[in-house]
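Residue numbers (full-length UniProt numbering): 1 to 765.
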């Protein structure tokens, strides 16, 4: 996914005719509207399918037969109602409606509000807006809003938190007057008092009459509620100080405000209140000034989102259904490079659509960040993220990402889709880490929810053993007992099985990212595709491993298992034990072997790379975790991943970096410069800069090695320097020189500085 940085919807606009581009935009637009409609219908159906006592629980608590709005006395005698007195006054007429009709009407009414909110947000994008963006923005916005946790929570609970957000966004429309804006914001603040900060935004942007009218509208609505329900108003505004203490405990994870964060870290009493006052003042001061700056710059939607994030942070309580402001901050543009533009939008979308366990693992230290991710995102949007101004040169012209032009297919019978052009520069590290984490969570989720019926899995196990017997390769039983009877071998294999499965691929990916960025992009795609194919195997063919077949196999790592216990003790709390076909131990180890063989400079490294999947095969069979055919399946899905990459991105061989993207080349360049400096000081030769590894070497031999042959289909695209490699594309950008379609050179001098290599004259001497 991070590999895809497209130019247009499917490639460069200059490579296709205008009618073709329009037809593709039309197809994408239709698909997005269908997706938005399906998501909306799915969300409404998900709510209405719930039993009456489980859907719209907050709404039923308020307006139901025994709801707080029916009870004589204060709305706040219990913790069920957390809204303002004005909200209670607005909801009073609904108490006479029947639950079923009210539930259906409320669900579809909320759905309409969500659609309107998405349309208004798309209409409020900062100008200039391209035709393609204008067409696609509305369905994308509606889809994101429907998928967001605040809206899903509001649907389930029957909350009214979408209304204040929509009222504020309506003020961004061009035909909304200052008076109308003030009235809308005032009513929104009466429903959610923290939104009164928008009056401060109006004041800072010079619309002071509108700011005063906003405050007057808020005061009028609150006074109306006070006159109708004086006791409730006193309880809300004075006893609970603006609703603090209503609903769940303020230190619960549902409260994503500064107050809730300070309580969760253990602060209480005057110290917590004093620190909260200081932090809130800083956030308000910085956030509102930033919002005013963006409003004056014409980014009204971003200004509203920043102000809303400030309100969420400083409010005593900010529940999940009130966090929609964070999603609206996705419109901010961050980064001068095209490759960095996705980081902030992806971060916001992930925080707003996934739960905390999907964002970060629940471990000490890291888990704290996941638990408070919405608040941290709100604080970042309000005070920290350097959103670009519309006058910035990079606003609509970010530094482009160098790409390798797709080559023609080597085989006429293999069609190349050329779905995207392969980027050559190093991807953004934060974006990579986010996608790796979410990808692994998705892998674990699907693997854990694959069918795990014991009889089906054992039946598939007997099928595998029958096939292996027919092929005369059913050697798992005797080899497993041989390992179990050899203590040192058993201990070694158990350690190998539990240690190297993640360690080796992660270490290899880290090294590729640091030293060979183009190779990293080339290599991680088949790994991801192969893992996706393996998930299909887990789902379609649940398989009991030998150690769970009750046929005399010995589980060397976990000991005997109680097969009469469907949970097999604590083992299945970690993963689905029937996700065995194909074996990703073999798949990932084979991927490592392919990459190591292509990029390793030494023969002994290549030999170790080849031995790695062979040793892994022996380990998974010896520990009774897999059949031999599982290894065949693991190899098949990874090789299919390489094949799919070939079809999607075009022909090419493994990329090679011969420039400063390699740590070794950079070190050798520094050594060469130091040697020339010493020679200059001694008078042996004039001081000259070392030949850059991004510069094509001169001379007949160098030119012969540098110019790609026509048969290879290699082009050269450079930014900040040209570098070419035989048979491949090459680009240097920001110090990185990469060739995505050339094999890694076996020579130890492959990454050396050209100045360090012997010239033809040196060779003759």
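Here a beta-carbon is modelled for each residue, glycine too, at the ideal position from N, C-alpha and C.
Per DSSP, the continuous alpha helix (DSSP H) segment holding residue 212 begins and ends at 208 to 228.
Note: residue 403 is bridge-paired with 423 in the DSSP secondary-structure output. Following the DSSP letters along the chain, one finds residue 606 inside the alpha helix (DSSP H) bounded by residues 603 to 622. Residue 327 and residue 112 have their C-alpha atoms some 19 Å from each other. The straight-line gap separating the alpha-carbon atoms of residue 636 and residue 533 is approximately 10 Å. Distances from the alpha-carbon of residue 150 to those of 236, 271, 114 and 127 put 114 closest. In the DSSP assignment, residue 329 falls outside any alpha helix (DSSP H) and carries neither an H nor an E. In this structure residue 36 touches residue 142 by the C-beta definition: roughly 4 Å separates them, less than 8 Å.
Below 8 Å, enough C-beta pairs join the region 308 to 326 and the region 255 to 270 to call them touching: three or more. When the Cα atoms are used, residue 194 and residue 383 turn out to be separated by approximately 17 Å. With contacts defined by Cβ atoms closer than 9 Å, residue 628 and residue 621 form a contacting pair.
DSSP, reduced to helix, strand and coil, places residue 462 within a helical segment of the structure shown. For residue 639, the enclosing alpha helix (DSSP H) has its first and last residue at 628 to 649.
The DSSP-derived three-state label of residue 264 is helix. Here residue 428 is actually not in contact with residue 349; their C-beta atoms are around 15 Å apart, not less than 8 Å. Contact between residue 163 and residue 191 holds, since their C-beta atoms are separated by about 6 Å, short of 8 Å. Where residue 370 is concerned, the enclosing alpha helix (DSSP H) starts and stops at 366 to 371. For residue 166, the closest of 325, 286 and 264 by C-alpha to C-alpha distance is 325. Sequence-distant partners of residue 295 (beyond 5 residues in either direction) whose C-beta falls short of 6 Å from its own C-beta, in its chain, are 205 and 303.
The continuous stretches of alpha helix (DSSP H) do not include residue 238, and DSSP gives it neither H nor E.
Here residue 546 is buried: its Cβ has 16 or more other Cβ atoms, across all protein chains shown, within 10 Å.
Taking 9 Å as the cut-off, the Cβ atoms of residue 301 and residue 527 do not count as close. Each of 299, 551, 307 and 447 was checked against the Cα of residue 459, and the nearest Cα belongs to 551.
Contact check for residue 188 and residue 207: beta-carbon distance about 16 Å, past the 8 Å limit, so the pair fails to qualify. Judged by beta-carbon spacing, residue 333 lies beyond the 9 Å limit of residue 237, meaning their Cβ atoms are not closer than that value. Contact between residue 310 and residue 197 is confirmed by a C-beta separation of about 6 Å, below the 8 Å threshold. A straight-line Cα-Cα distance of about 10 Å links residue 199 and residue 218. In the three-state scheme derived from DSSP, where H, G and I count as helix and E and B as strand, residue 521 is classed as helix. Each of 293, 160 and 476 was checked against the Cα of residue 110, and the nearest Cα belongs to 160.
At a Cβ-Cβ threshold of 9 Å, residue 426 and residue 298 do not count as neighbours.
Annotation: residue 554 to residue 337 spans about 55 Å, alpha carbon to alpha carbon. In the displayed model, residue 337 falls within a strand according to three-state DSSP.
The C-beta distance from residue 590 to residue 613 rounds to 5 Å, short enough to fall under 8 Å. In this structure, residue 214 and residue 202 form a Cβ contact; the two beta carbons are roughly 6 Å apart against a cut-off of 8 Å.
Here residue 531 is buried. Its C-beta has 16 or more other C-beta atoms within 10 Å. Rounded to whole angstroms, the gap between the alpha carbons of residue 522 and residue 366 is 30 Å.
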